[in-house]
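Taken in order, these protein sequences are the chains called A and B.
Quick note, the first sequence lines up with residues 1 to 152 if you use this note's numbering.
Quick note, the second sequence lines up with residues 153 to 304 if you use this note's numbering.
See below for the structure under consideration.
There are 2 protein chains.
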Amino acid sequence: MDTIDLSLVELLRGNARLSYAELARQVGLSAPAVHERVGKLESSGVIRAYRAEVEPEAIGLGVTALIGIVEDSGGDTDDVLDSFRQMPEIESCYFMAGVESFLLKARVGTIAELEQLIVRLNRTPGVASTRTGIALSTKWENRPQPVEPPTP
Amino acid sequence: MDTIDLSLVELLRGNARLSYAELARQVGLSAPAVHERVGKLESSGVIRAYRAEVEPEAIGLGVTALIGIVEDSGGDTDDVLDSFRQMPEIESCYFMAGVESFLLKARVGTIAELEQLIVRLNRTPGVASTRTGIALSTKWENRPQPVEPPTP
DNA sequence: ACTCTCCGTGGACACGATCGACCTGAGCCT
DNA sequence: AGGCTCAGGTCGATCGTGTCCACGGAGAGT
Numbered sequence: 001m002d003t004i005d006l007s008l009v010e011l012l013r014g015n016a017r018l019s020y021a022e023l024a025r026q027v028g029l030s031a032p033a034v035h036e037r038v039g040k041l042e043s044s045g046v047i048r049a050y051r052a053e054v055e056p057e058a059i060g061l062g063v064t065a066l067i068g069i070v071e072d073s074g075g076d077t078d079d080v081l082d083s084f085r086q087m088p089e090i091e092s093c094y095f096m097a098g099v100e101s102f103l104l105k106a107r108v109g110t111i112a113e114l115e116q117l118i119v120r121l122n123r124t125p126g127v128a129s130t131r132t133g134i135a136l137s138t139k140w141e142n143r144p145q146p147v148e149p150p151t152p
Numbered sequence: 153m154d155t156i157d158l159s160l161v162e163l164l165r166g167n168a169r170l171s172y173a174e175l176a177r178q179v180g181l182s183a184p185a186v187h188e189r190v191g192k193l194e195s196s197g198v199i200r201a202y203r204a205e206v207e208p209e210a211i212g213l214g215v216t217a218l219i220g221i222v223e224d225s226g227g228d229t230d231d232v233l234d235s236f237r238q239m240p241e242i243e244s245c246y247f248m249a250g251v252e253s254f255l256l257k258a259r260v261g262t263i264a265e266l267e268q269l270i271v272r273l274n275r276t277p278g279v280a281s282t283r284t285g286i287a288l289s290t291k292w293e294n295r296p297q298p299v300e301p302p303t304p
C-alpha cells in the first residue's frame with residue numbers, strides 16, 4: 001500500500017470506469033503494472049466493489065429514513081443483524097455506541113412501505129424499540145474524500 | 153426508462169466495471185445500443201457516478217460518526233449547507249424532518265480529528281448544537297437493493 | 001401511402017486488456 | 001564481493017472491446 005496504490009484508489013473512487021490504460025497514464029506506470037496492482041487491491045479487500053451511483057427517485061426509491069434501534073437486553077446481536085440483513089430496504093447498518101445499538105439507513109418507495117418496514121423491525125426478536133427520522137432530501141451521499149499520503 | 157434501462161442500472165449497481173459488450177450480452181442488445189442507453193442514463197442524471205467502494209480503514213479513515221445538527225433559528229440553511237460542503241470529512245448529508253435539521257455521516261482517521269470536526273461544526277454560523285454518535289463498526293453500507301420493474 | 005423519427009443492427013477500425021517473456025534492483029547467503 | 005532469489009516492473013503480441021457511421025424497420029402523424 002504505497003503512494004501509487006493510494007492514487008489508484010483515489011482515482012477509482014472518483015470514477016470507477018477509468019480504463020487501466022488511463023489509470024496507467026495518471027500514475028506513470030504501464031497498463032499491465034496497474035492491472036496487477038488493482039487486482040491486488042481487489043483481492044486484498046481494499047477495493048470492495050465498483051458501483052454505479054444512481055438517483056434513488058429514478059428507480060422508485062423516493063423515501064429515505066434513518067432508524068435508530070434499541071436492543072432487547074436479552075437479544076442476541078448476531079441474530080438481530082441477520083434479521084436486518086434479510087431486509088433489502090436497509091441499505092446501511094452501523095453498530096453504534098450509545099443507547100441505540102444500531103443505526104440503519106433504509107430506502108423505500110412510499111411512506112406506506114416505510115410504515116411496513118418499521119412494523120417489521122419492531123416485531124423483530126431482539127429489537128426493543130425503534131426511532132425513525134425521515135430524510136426530506138439527500139444533499140449528498142458517499143462523497144469520496146481526498147486521502148492524504150501517509151505522513152512519513 | 154424501460155425494463156432494459158432498469159436491468160442496465162441494476163447490473164451497473166452490482167458491478168460498475170462491466171464492459172459494454174458484457175452488458176449487451178446480459179440484456180440481449182448490441183454493444184452500441186447499450187452504449188447509447190447508458191450514455192443517456194448518465195446524461196439524464198439517473199446514473200450519477202461510478203465509484204470504487206473502498207475499505208475505509210485501508211485509507212486511514214477508521215472512525216465513522218453520525219452527527220445530528222440543530223439549526224439556529226436565525227440561520228440560513230443554504231449557508232449552513234455550504235459550510236458543511238467545505239468539510240471533506242462529511243461524506244453524506246441528509247436534510248431531516250424533526251428537531252435536528254441535518255444528519256451527517258463523517259469519516260475521519262482518529263478520535264482527535266473527530267473532536268476537531270465537532271468543534272468546527274459547533275462554531276459554524278447557523279449551527280445551534282450537535283449530537284454525535286460513534287459507529288463502532290459498519291456492518292454494511294450502500295448495499296444495492298434489487299429494483300422491481302414498474303408495475304404495469 | 002409517404003415520410004419522420006426513434007431506436008436498433010452490422011461493419012470497421014483504433015484502442016485497451018491481458019498474457020508471456022524478459023529486465024532490474026534490493027536483500028540475503030556463502 | 002559475487003551470485004541467488006524474488007518482487008515488481010517494461011515490452012510486445014494478440015485478441016476482445018469501445019465507438020463511429022451508414023443503414024434498416026416499426027410506429028405515429030399527415
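All C-beta atoms, glycine included, are put in the ideal place defined by N, C-alpha and C.
4 or more residues per run - each alpha helix (DSSP H) lying fully within the stretch 66-129 of chain A: 77-86, 111-123
Per-residue burial, arginine 13(A) [other beta carbons within 10 Å of its own, 16 or more giving buried]: The sequence position of residue 13(A) within the first sequence is 13, counting from 1. Classification of arginine 13(A): buried, given that the 10 Å Cβ count is 16 or more.
Rounded Cβ spacing between threonine 130(A) and isoleucine 67(A) (contact assumed at less than 8 Å): Here residue 130(A) is taken as the residue at index 130 of the first sequence, counted from 1. Here residue 67(A) is taken as the residue at index 67 of the first sequence, counted from 1. Confirmed, Cβ separation roughly 6 Å.
Reduced DSSP secondary structure (H/G/I, E/B, other) of methionine 1(A): The count along the first sequence starts at 1 and reaches residue 1(A) at position 1. Methionine 1(A) falls in the coil class under three-state DSSP.
Contact list for proline 298(B) against chain A, beta-carbon separation under 8 Å: Within the second sequence, residue 298(B) is the residue found at index 146, counting from 1. Correct list: Pro88.
Asparagine 122(A) to aspartate 82(A) span [Cα, whole Å]: Indexing the first sequence from 1 puts residue 122(A) at position 122. Indexing the first sequence from 1 puts residue 82(A) at position 82. Cα to Cα, asparagine 122(A) sits roughly 15 Å from aspartate 82(A).
Environment of proline 150(A) [buried if 16+ CB atoms lie within 10 Å]: Counting from one through the first sequence, the residue named residue 150(A) turns up at place 150. Note on proline 150(A): pLDDT 49, under 50, position unreliable in the model; the coordinate value appears next. Looking at its Cβ environment, which holds fewer than 16 other Cβ atoms inside 10 Å, proline 150(A) is exposed.
Beta-ladder partner(s) of tyrosine 50(A), from DSSP: Position 50 of the first sequence, counted from the start, is the residue given in the question as residue 50(A). According to DSSP, tyrosine 50(A) bridges with Ala204(B).
Closest residue to valine 198(B) among Asp231(B), Glu162(B), Phe254(B), Arg237(B) (Cα-Cα distance): For the purposes of this step, residue 198(B) is taken as residue 46 along the second sequence, with counting starting at 1. The residue with the shortest Cα to Cα distance from valine 198(B) is Glu162(B).
Proximity below 8 Å, CB of threonine 138(A) to CB of tyrosine 246(B): Here residue 138(A) refers to the residue found at position 138 of the first sequence. Here residue 246(B) refers to the residue found at position 94 of the second sequence. Against a cut-off of 8 Å, the Cβ pair of tyrosine 246(B) and threonine 138(A) comes out as a contact.
Contact with chain B by leucine 117(A), beta-carbon distance below 8 Å: For this step, residue 117(A) is matched to residue 117 along the first sequence. Cβ-Cβ to chain B under 8 Å: no for leucine 117(A).
For aspartate 5(A) and tyrosine 50(A), the rounded distance between their alpha carbons: Taking the first residue of the first sequence as position 1, residue 50(A) is located at position 50. Taking the first residue of the first sequence as position 1, residue 5(A) is located at position 5. If you take the alpha carbons of tyrosine 50(A) and aspartate 5(A), they lie about 16 Å apart.
CB of isoleucine 134(A) within 8 Å of CB of methionine 248(B), strictly: Residue 134(A) sits at position 134 when you count from the first residue of the first sequence. Residue 248(B) sits at position 96 when you count from the first residue of the second sequence. Yes. Within cutoff.
Cutoff 8 Å: lysine 291(B) Cβ touching any chain A Cβ: Sequence index remark: in the second sequence, residue 291(B) carries index 139 (1-based). It does: the Cβ of lysine 291(B) has a partner Cβ on chain A nearer than 8 Å.
Threonine 64(A) versus Val34(A), Gln145(A), Ala21(A), Glu141(A), residue with shortest Cα-Cα distance: Locating residue 64(A) in the first sequence gives position 64, counting from the first residue. Checked all of Val34(A), Gln145(A), Ala21(A), Glu141(A); the closest Cα to threonine 64(A) is Glu141(A).
Beta-carbon proximity of arginine 127(A) to aspartate 72(A), cut-off 8 Å: Sequence index remark: in the first sequence, residue 127(A) carries index 127 (1-based). Sequence index remark: in the first sequence, residue 72(A) carries index 72 (1-based). The residue asked about is misnamed: residue 127(A) is valine in this sequence, not arginine. Closer than 8 Å, so yes.
Beta-carbon neighbours of threonine 64(A), restricted to chain B and to distances below 9 Å: As a first step, residue 64(A) must be located in the first sequence, where it is residue number 64. Ordered by position in chain B, the residues that pass the 9 Å Cβ test against threonine 64(A) are Tyr246.
Lysine 257(B), buried or exposed, once every other Cβ within 10 Å from all chains shown has been counted against 16: Here residue 257(B) is taken as the residue at index 105 of the second sequence, counted from 1. The residue in question, lysine 257(B), is buried, as its Cβ has 16 or more Cβ neighbours within 10 Å.
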